[in-house]
Amino acid sequence: MRSLASMQPLASADEYRALVKDNKRRLGTVRTNCMLMPRAFAEPAADGRLAFATYDDGLLVRTDEGAYATLYYYWREGAPLVRLQDNVPLYVEETHEPCDEHAAFLRDAGLVLQKRNVQYVLARDDWDGCADDRVDGYAMARCEDEALAAEVVALWERRLGLADIPLAHKEFLSRGDAVWCALSPSGELAGAIWWQDAGKTRLMRHIVVDERHTRRGLAKTLLALCATDAWQTGMLKVSTWISDANYASIALHEGMGFCATTRVVLQFVAEEE
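Going left to right, the sequence shown walks through residues 131 to 403 as my numbering numbers them.
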């Protein structure tokens with residue numbers, strides 16, 4: 131069992147890029163679960179949340195997300211992954227297609243499959259607009275102030291769990307990300323949807339409704355708002371990831387025209403010892 135407590139910090143995305151390049155040269159053919167561009171690590175590096183450790187057979191990179199950590203590996207093909215220990219739950223996402231061989235690689239290192247997320251996509255040509263209805267008495271408003279943003283994060287944490295709320299995502303307001311809220315007749319936060327745009331694709335990150343306001347059609351209204359805005363701003367599709375055990379969310383999305391793709395992400399966890 132290897133502890134990650136003594137990992138060394140990475141100060142920048144450039145330092146991360148050079149580290150990966152050097153280790154790929156040292157290791158030869160590697161397997162990795164990291165599909166991110168180096169610039170994606172700029173923010174955690176600047177915040178002091180990015181660290182690494184090298185081993186005879188590979189390189190591990192860790193991002194600190196507060197209540198948990200995310201691990202990326204670059205490992206020599208054919209070599210077993212070291213068994214890992216951390217002081218917080220450690221999450222490893224496997225993004226290969228198909229995932230069977232890589233899943234076995236992680237299971238052999240003692241990690242446990244916790245969630246299987248499937249990509250769902252809605253194409254603009256498949257959208258009929260029929261779901262763009264408002265719920266009587268509820269207002270839709272973009273989150274633009276710190277007080278409401280704090281309420282949104284608290285709602286995410288309560289309904290989704292801390293493992294789905296990285297520290298950097300709590301700063302969506304300062305980054306200008308689009309988060310729209312459903313406000314009840316009394317003005318309280320009833321639900322929220324968060325999306326980010328990349329090229330011609332809109333990634334819908336989270337859609338959550340407060341448990342006191344469910345069964346009113348708010349999730350459908352928020353999702354319709356996301357799609358309608360996407361087409362108006364020139365997007366060609368809306369994409370999201372849904373756990374294959376979240377039957378209610380699957381039914382909601384499929385009912386609005388989303389279709390499952392063959393892309394799957396497996397989330398493994400090594401719990402705190």
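Ideal placement from N, C-alpha and C gives every residue a C-beta, glycine not left out.
Out of the options, point me to the one whose CA is closest to residue i's CA.
i           : options               : result
residue 208 : 278, 236 and 192      : 236
residue 311 : 214, 347 and 278      : 278
residue 186 : 154, 383 and 194      : 154
residue 372 : 141, 362, 253 and 392 : 392
residue 332 : 365, 307 and 318      : 365
residue 161 : 232, 321, 181 and 216 : 232
residue 397 : 387, 374 and 280      : 374
residue 168 : 271, 288, 143 and 309 : 143
residue 301 : 318, 147 and 275      : 275
residue 281 : 258, 267, 322 and 251 : 322
residue 316 : 325, 268, 288 and 283 : 268
residue 182 : 136, 151, 342 and 172 : 136
residue 285 : 202, 239, 363 and 324 : 324
residue 383 : 328, 240 and 256      : 256
residue 360 : 346, 326 and 348      : 326
residue 328 : 138, 341, 308 and 180 : 308
residue 191 : 400, 171 and 238      : 171
residue 265 : 197, 253, 347 and 214 : 347
residue 330 : 252, 211, 140 and 271 : 252
Classify residue i as buried or exposed, calling it buried when 16 or more other Cβ atoms lie within 10 Å of its own Cβ.
i           : result
residue 344 : exposed
residue 163 : buried
residue 200 : buried
residue 242 : exposed
residue 273 : buried
residue 369 : buried
residue 367 : buried
residue 350 : buried
residue 206 : buried
residue 318 : exposed
residue 148 : exposed
residue 195 : buried
residue 258 : exposed
residue 320 : buried
residue 377 : exposed
residue 159 : exposed
residue 165 : exposed
residue 363 : exposed
residue 290 : exposed
residue 188 : buried
residue 216 : buried
residue 400 : buried
Give the range of the alpha helix (DSSP H) segment to which residue i is assigned.
i           : result
residue 243 : No alpha helix (DSSP H) holds residue 243; the beta strand (DSSP E) holding it covers 242-253.
residue 350 : 348-362
residue 237 : 230-237
residue 384 : 377-385
residue 286 : 276-290
residue 224 : Premise fails: residue 224 lies in the beta strand (DSSP E), 220-224, not in any alpha helix (DSSP H).
residue 176 : 172-176
Output the boundary residues of the beta strand (DSSP E) element that contains residue i.
i           : result
residue 190 : 188-194
residue 144 : It is not in any beta strand (DSSP E) - residue 144 instead sits in the alpha helix (DSSP H) that spans 143-157.
residue 322 : 319-328
residue 206 : 199-206
residue 137 : Counting along the chain, residue 137 falls outside any beta strand (DSSP E), and DSSP gives it neither H nor E.
residue 344 : Per DSSP, residue 344 belongs to no beta strand (DSSP E) and is neither H nor E.
residue 333 : 331-339
residue 373 : 367-373
residue 166 : Careful: residue 166 lies outside any beta strand (DSSP E) and carries neither H nor E.
residue 393 : 389-400
residue 180 : 180-185
residue 313 : 308-313
residue 269 : 269-272
Comparing the C-beta of residue i with each C-beta of chain C, is any distance below 7 Å?
i           : result
residue 275 : Judged by its chain identifiers, the structure shown contains no chain C, having just a single protein chain.
Check your understanding: Would the stretch 238-257 and the stretch 166-177 be scored as touching if the rule is three or more Cβ pairs under 8 Å?
Key -> Contact fails: fewer than three Cβ-Cβ distances are below 8 Å.
Point to revise | Inter-stretch contact at 8 Å, needing at least 3 Cβ pairs: the stretch 353-361 / the stretch 215-227 | key: no
Practice item. State whether the stretch 323-342 contacts the stretch 215-224, with contact taken as three or more CB pairs (one from each stretch) at a distance under 8 Å. Key: no
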